[in-house]
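Residue numbers for the sequence shown follow the UniProt record's numbering, so the first one is 1 and each next one is one higher.
A virtual CB, placed ideally from N, CA and C, is assigned to each residue, including glycine.
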Amino acid sequence: MAQNENIAALAAAGVSVWLDDLSRDRINSGNLAELIATRGIVGITTNPTIFQGALSKGHAYDEQVRELAARGADVDAAIRTITTDDVRAACDVLAPVFEQTGGVDGRVSIEVDPRLAFDADKTVAQAVELWKIVDRPNLFIKIPATEEGLPAITAVIEEGISVNVTLIFSVQRYRSVMGAYLDGLRKARVAGHDLAKIHSVASFFVSRVDTEIDKRLEAIGTPEALALRGKAGVANARLAYAEYEDVFAPGGGHASTYQHLAAAGGNRQRPLWASTGVKNPDYSDTLYVTELVAPNTVNTLPEKTLEAVADHGEVRGDTVSGTGAAAAEVFDQLRAAGIDLDDVFVVLEREGVEKFEKSWEELLEATAAELQSAVSTASSAGPSVATQATSSGPNAADAGGN
């Protein structure tokens, strides 16, 4: 099947196009394989909201939920089994891409429980557990870039585990994320891990920045403030890319640490543009793709945005390199208009964690209801089946662990 020209142009410009969605229906129907073939998809990102949506629609998970109920799985074990099964299957579908790209792409991300976002030790423990359960080299473990997440990132990299750092909003936090990654590589080398097998991306959220700042600009209401709407998200990402080049590009002002690790096989931590679905209908629906084209980047797209790019996205080559000064000027104008950028990023991080926690709680509730329904169905089928379905014990929490 022929590749889409617009997506191919992104790839030619150095952008890896990933899909920000996953479901069992998408895997089993062959849709994921079709998107790889026709839309140039070379990776998958997931998050609690995506899994909550997948499990709440259709009947693809009904049989597995019944099996888990019969084995006495509690709700956390059931969710762990269901989500890791989907991610493992997606890793297998993308395995050829992983091989063809030397491990750079062909990757699937799974997130640690968002309720652990402010607990470094528990984040590390679950990251290691998920890595073992999925048991695929093309897995990324997603860890949020909270202050507590930073040491967890270093510790997980030290274990030789590849990490997708998520929920990055500010350039200041992004600098800390890069530092945490490089610290992890240094420690992984001391521990004897092959640095060439450790990869990382740093997921910089884009559209949420515009949503929050636009709201504040409209509250200010001056002509100068209103003229800045829709500019902050792209400018913020462009500033982040300038920081990436400073640390990872040859000749970068702070590249010496990475160059030393690169000589030992260490990989760059690529910027990943996330939250790229456009929320404001007044903006181009491909804004966060066509304006963020740069070498060695990833753009993870919801399917609606992917299809918009495939249909009418105008890919003009690199639209990021060399734009740092202009992006900084946008931020100067935002401050002059009265925007407290530090507060913006604090609010966005807190709300980002809260949104994922809410989705996770909804996923827990929905799965608990499905498990209970399966138990009730088994009860009506007869006492022996009911006994099996409601049994629990010390191993119940390990049901489905692979």
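Counting only runs that start and end inside the stretch 191 to 253, the alpha helix (DSSP H) elements of at least 4 residues fall at 207 to 220, 223 to 226 and 232 to 248. Between the alpha carbons of N47 and A90 lies a gap of roughly 14 Å. Distance from the Cα of R88 is smallest, within the candidate group L130, K57, D62 and E351, for L130.
Using a Cβ distance threshold of 8 Å, T367 and A78 count as a contacting pair.
Remark: C-beta atoms of G184 and I143 do not approach each other more closely than 8 Å.
With respect to the C-alpha of H193, the residue from V247, L261 and V289 having the closest C-alpha is L261.
Within the same chain, and ignoring the five residues on either side of F51 in sequence, the residues whose Cβ sits closer than 7 Å to its Cβ are T83 and L363. P281 counts as exposed, since fewer than 16 other beta carbons sit within 10 angstroms of its beta carbon. Membership of K279 in any beta strand (DSSP E) is not indicated, and neither H nor E is assigned to it by DSSP. An exposed status is given to E99, since fewer than 16 other beta-carbon atoms sit within 10 Å of its beta-carbon. Each residue's CA atom was taken as its position, placing E224 and A337 some 7 Å apart.
By the neighbour-count criterion, in which 16 or more other beta carbons inside 10 Å mark a residue as buried, Q269 falls on the buried side. Boundaries of the beta strand (DSSP E) around K142: L139 to P144.
In summary, G102 is exposed, with fewer than 16 beta-carbon neighbours lying within 10 Å of its beta-carbon over all protein chains present.
Judged by their CB atoms, F204 and P302 are not nearer to each other than the 8 Å cut-off.
Residue environment for S207: buried (at least 16 other C-beta atoms within 10 angstroms of its C-beta). Taking C-beta atoms under 8 Å as the contact rule, I339 and L217 qualify, at a distance of about 7 Å. In the DSSP assignment, P271 is bridged to A202. G14 places its beta carbon less than 8 Å from that of A294. S162 sits close to L139, with the two beta carbons spaced by under 8 Å. From the listed residues E349, K355, Q372 and E370, the smallest Cα separation to Q172 is found for E349. Per DSSP, the unbroken alpha helix (DSSP H) holding I7 starts and ends at E5 to A12.
In the DSSP assignment, L301 is bridged to L19. Under the three-state reduction of DSSP output, T166 falls in the strand class.
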